[in-house]
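Enquirer: Protein chains in written order, with this note's numbering: chain A, 1 to 250; chain X, 1001 to 1240. Every residue, glycine too, gets a C-beta built ideally from N, C-alpha and C.
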Amino acid sequence: MEIKNIAPPLLVLMLFLAIWSFAAHLYDMVFLLPGPMTVALAFVSDFEIILEGVTITLREALTGYILAIIIGITSAAIMSQSKILERSFYPYAILLQTVPVVAVAPLIVLWFGFDEKSVIIISLIISLFPIINNTLLGLKSTSNNLVELFQMHNSSKLRLPAAIPNIIAGLRISAGLSIIGAIVGEFIIGSGSEGGGLGVQVIYAQGNLETPLVMALILTATFMGFAFFMTVSTIGHQLLKHWHESAQNE
Amino acid sequence: MISVSGVTKHFDEVHALDHSDLDIATGEFVTIVGPSGCGKSTLLRIIAGLINPTEGSVNKPDDSMGAFVFQDAALLPWRNVQKNAELLMELEDGFSKHERVSRACSALQQVGLEGFEESYPHQLSGGMKMRLSLARSLVLNPDYLLLDEPLSAVDELTRELLQEEIHTLWKKEKFTAILVTHNVSEAVFLSNRVIVMSPRPGHIIHMVDVPFKKRDQTLRSNPKFTKIVNEISGKLRTWK
């Protein structure tokens, strides 16, 4: 990567840190607004707790995400095979997107217990719709001529590769969402337990008024989602770079 | 021989094709011309077996192998030129890996695409895409080739060049060809016989035999060629 690409966002970051530092210094109340250095120190001194949180949250989010991929692609593939199935089930897929997950999460915890299972289910619910929607779009927008070409030679092997660009778009959106879902889940189950994922740790640290740790945890969760998104994007780019317009000229 | 008898097609409310009869001899080059919506593409797809007729039937020799060349070339964007040329052999089975590669190579050479094996479709011009589409069909040694406005998306100069190439391929490979186009001069240049269709509902109104033996650039300025083109254009105009 070239300097001129990195420099502008880096400059914005420095500016942001400077203003934050200055404000924290002006306010001078660590539990309300700790400065960036204080947060960095909390990150170092509580590194073990944070690392444990990352491991647990990542495990939950990844499980939810993989389940969402399996369920999402399968149900989109089924819906794409028949207009009636699509008309019957697609509206309910939309409800997955519009249901206020934060409000439903306590119910899910009530049904599935105060443990990782509930967190995984919440992460699954939140990441499912973009995958269903994009896969279905991809499967349905395969060029008619290509469909006819395969029909002419008695084959139905076509549709999935043609849908890959759309599937990847869905996977990218859901990558970040799956982590948000896991943390929402942890918030609900977390209040009682100690030594859980990032969401649980946030609740715990908040209770102890350890604001620097809270902020360190939030930043960690944010970067984790970002890193996950970038990983999926990079894999997608590698898959598409030879042939798809979206991966050209980058 | 390919024989179309009494073929009628309704799409819901639309009466696309009405009682059409057409016999096409083995090795013949027949072109169907007509204005948009005259059912010429529908007729071609019924002959291909992609659409079932509402009434009537199409008879083709048993075990005859057909190939369809689409207007937009219909290439797989995630495959390179070589792999696209091998596609239909994979779908049809019965071709060894070695046979697929060698047939694809010689077909690509035939259409002048050697050296582009590793390119992807998005790197090709419109004319090259169509050449690849032709090569992909030719590898099957088809008994009949169905072409649906294959040259409508390329520029005038490339179109004339490709017409000459299609003619050469047809002479050499001796397949039966059925072409759909709305370019009358293309129809006359390529075919033994031109079928004129009219819309609402689509039906055959006229057939013109084209007698020329030698088909090359000089034919286009031949007065007899122009006369046939004008005759067919006249028929089309009265029905528009």
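Nearest-angstrom Cα distance between X/Glu1164 and X/Asn1080?
Expert: Those two C-alpha atoms are separated by around 26 angstroms.
Enquirer: With 9 angstroms as the limit, tell me which residues of the region 1068-1092 of chain X have their beta carbon closer than that to any beta carbon of chain A; keep them in chain order.
Expert: Correct list: Phe1068, Phe1070, Gln1071, Asp1072, Ala1073, Ala1074, Leu1075, Leu1076, Pro1077, Trp1078, Arg1079, Asn1080, Leu1087, Leu1088, Glu1090, Leu1091 and Glu1092.
Enquirer: Is A/Glu250 helix, strand or coil when you go by DSSP?
Expert: Confidence is the limiting factor: at A/Glu250 the pLDDT is only 44, short of 50, which leaves the residue's position unreliable, though a coordinate-based value still follows. Of the three classes helix, strand and coil, the one that applies to A/Glu250 here is coil, per DSSP.
Enquirer: Would you say A/Ala129 and A/Ala175 are within 9 angstroms of each other, going by their C-beta atoms?
Expert: Reading off the sequence shown, one finds Phe at residue 129 of chain A, where the question assumed Ala. Not closer than 9 angstroms, so no.
Enquirer: Would you kindly report the start and end of the unbroken alpha helix (DSSP H) that includes A/Leu10?
Expert: Start and end: Ile3 to Tyr27.
Enquirer: Check the C-beta distance from A/Val232 over to A/Leu171 and give it rounded, since I have them as a contact under 8 angstroms.
Expert: The pair is a contact, with the Cβ atoms about 5 angstroms apart (cut-off 8 angstroms).
Enquirer: Taking Cβ positions only, does A/Ser155 come closer than 9 angstroms to chain X?
Expert: Yes, A/Ser155 lies at the interface with chain X (some Cβ there is under 9 angstroms from its Cβ).
Enquirer: Terminal residues of the continuous alpha helix (DSSP H) containing A/Phe114?
Expert: A/Phe114 -> no alpha helix (DSSP H), and no H or E assigned at all.
Enquirer: Identify the contact partners of A/Phe150 in chain X, using a Cβ-Cβ distance below 8 angstroms as the criterion.
Expert: Under the 8 angstroms cutoff, chain X gives Leu1091.
Enquirer: For A/Pro8, does the count of other Cβ atoms within 10 angstroms reach 16, so buried, or fall short, so exposed?
Expert: Counting Cβ neighbours within 10 Å, A/Pro8 comes out exposed, since fewer than 16 surround it.
Enquirer: Does the beta carbon of A/Leu171 sit closer than 9 angstroms to a beta carbon anywhere in chain X?
Expert: With 9 angstroms as the cut-off, A/Leu171 does not count as an interface residue toward chain X.
Enquirer: With a threshold of 9 angstroms between beta-carbons, can X/Tyr1120 be considered close to chain A, or not?
Expert: At least one chain A Cβ lies under 9 angstroms of X/Tyr1120.
Enquirer: Please classify X/Gln1109 as buried or exposed, where buried requires at least 16 neighbouring CB atoms within 10 angstroms.
Expert: Answer is exposed; the Cβ neighbour count stays below 16.
Enquirer: Please determine, among X/Ile1002, X/Val1004 and X/Val1033, the residue with the shortest C-alpha to C-alpha distance to X/His1206.
Expert: Here the closest residue by C-alpha is X/Val1033.
Enquirer: Please state the DSSP three-state secondary structure of A/Ser174.
Expert: Reduced to three states, the DSSP call for A/Ser174 is helix.
Enquirer: Output the distance between the C-alpha atoms of X/Met1126 and X/Leu1017, rounded to the nearest integer angstrom.
Expert: Residue 1126 of chain X is actually Gly in this sequence, not Met. Going from the Cα of X/Gly1126 to the Cα of X/Leu1017 covers about 31 angstroms.
Enquirer: If we cut at 9 angstroms on Cβ distances, does A/Glu250 have a partner in chain X?
Expert: At A/Glu250 the pLDDT is 44, less than 50, meaning the model places this residue with poor confidence; the figure from the coordinates comes in the next sentence. Not closer than 9 angstroms to any Cβ of chain X, the Cβ of A/Glu250 fails to qualify, so no.
Enquirer: Counting contacts by CB-CB distance shorter than 9 angstroms, is A/Pro9 in contact with chain X?
Expert: Closer than 9 angstroms: no.
Enquirer: Taking a Cβ distance cut-off of 8 angstroms, strictly less, list which residues of the region 1029-1055 of chain X are near chain A, in chain order.
Expert: Answer in chain order: Arg1045, Ala1048, Gly1049 and Leu1050.
Enquirer: Out of X/Asn1141, X/Ala1025, X/Thr1176 and X/Ile1047, state which residue places its alpha-carbon closest to the alpha-carbon of X/Met1001.
Expert: Of the listed residues, the one whose Cα sits closest to X/Met1001 is X/Ala1025.
Enquirer: Might you give, ordered along the chain, the residues of its own chain that have their beta carbon closer than 6 angstroms to the beta carbon of X/Ile1204, omitting 5 neighbours on each side?
Expert: Answer for X/Ile1204: Ser1020, Ile1195 and Met1197, listed in chain order.
Enquirer: Thinking C-beta only, is A/Val104 closer than 9 angstroms to A/Ile125?
Expert: Closer than 9 angstroms, so yes.
Enquirer: Taking the alpha carbon of X/Leu1113 as the point to measure from, which residue in X/Gln1217, X/Val1139, X/Thr1226 and X/Gln1082 has its own alpha carbon closest?
Expert: Answer by Cα proximity: X/Gln1082.
Enquirer: Count the C-beta pairs between the region 142-158 of chain A and the region 33-41 of chain A that are closer than 8 angstroms, then say yes if the count reaches three, no if not.
Expert: In short, these stretches do not touch, since the Cβ pair count stays below three.
Enquirer: Tell me which same chain residues have a C-beta within less than 6 angstroms of the C-beta of X/Glu1117, skipping the five on either side of it?
Expert: Counting only Cβ-Cβ distances below 6 angstroms, and skipping sequence neighbours, we find Val1081 and Gln1082.
Enquirer: Do the region 67-85 of chain A and the region 107-124 of chain A touch if we need at least three Cβ pairs shorter than 8 angstroms?
Expert: They touch, by the three-pair rule.
Enquirer: Please compile the residues from chain X whose C-beta is within a distance smaller than 8 angstroms of the C-beta of A/Leu146.
Expert: The answer, in chain order, is Ala1074 and Leu1076.
Enquirer: Is the distance from the Cβ of A/Glu116 to the Cβ of A/Ile56 below 9 angstroms?
Expert: A contact, by the Cβ cut-off of 9 angstroms.
Enquirer: Give, in chain order, every unbroken run of the alpha helix (DSSP H) that is at least 4 residues long and sits entirely within the region 1016-1055 of chain X.
Expert: As far as the region 1016-1055 of chain X is concerned, its whole alpha helix (DSSP H) runs of at least 4 residues are 1040-1048.
Enquirer: Spell out whether any CB of chain A is found under 9 angstroms from the CB atom of X/Gly1066.
Expert: It does: the Cβ of X/Gly1066 has a partner Cβ on chain A nearer than 9 angstroms.
Enquirer: Could you check what DSSP says for X/Arg1193 in three-state terms: helix, strand or coil?
Expert: In this structure, X/Arg1193 counts as strand in the three-state DSSP scheme.
Enquirer: Can you round the beta-carbon distance between X/Ile1178 and X/Tyr1144 to whole angstroms, since I take them to be within the 8 angstroms contact cut?
Expert: With 8 angstroms as the limit, X/Ile1178 and X/Tyr1144 qualify as a contact, their Cβ atoms being about 7 angstroms apart.
Enquirer: Out of X/Glu1231, X/Lys1171, X/Ser1233 and X/Gly1115, which one is the CA nearest neighbour of X/Lys1213?
Expert: Of X/Glu1231, X/Lys1171, X/Ser1233 and X/Gly1115, the residue nearest in Cα terms is X/Lys1171.
Enquirer: So is X/Thr1238 in contact with chain D if we call contact Cβ pairs under 9 angstroms?
Expert: The chain labelled as chain D is not found among the protein chains of the depicted structure, namely A and X.
Enquirer: Is it buried or exposed for A/His25, if we count other Cβ within 10 angstroms and need 16 for buried?
Expert: Classification of A/His25: exposed, given that the 10 Å Cβ count is below 16.
Enquirer: Between X/Leu1138, X/Ala1104, X/Pro1121 and X/Val1030, which lies nearest to X/Asn1192 when the distance is taken from Cα to Cα?
Expert: Measuring from the Cα of X/Asn1192, the nearest candidate turns out to be X/Val1030.
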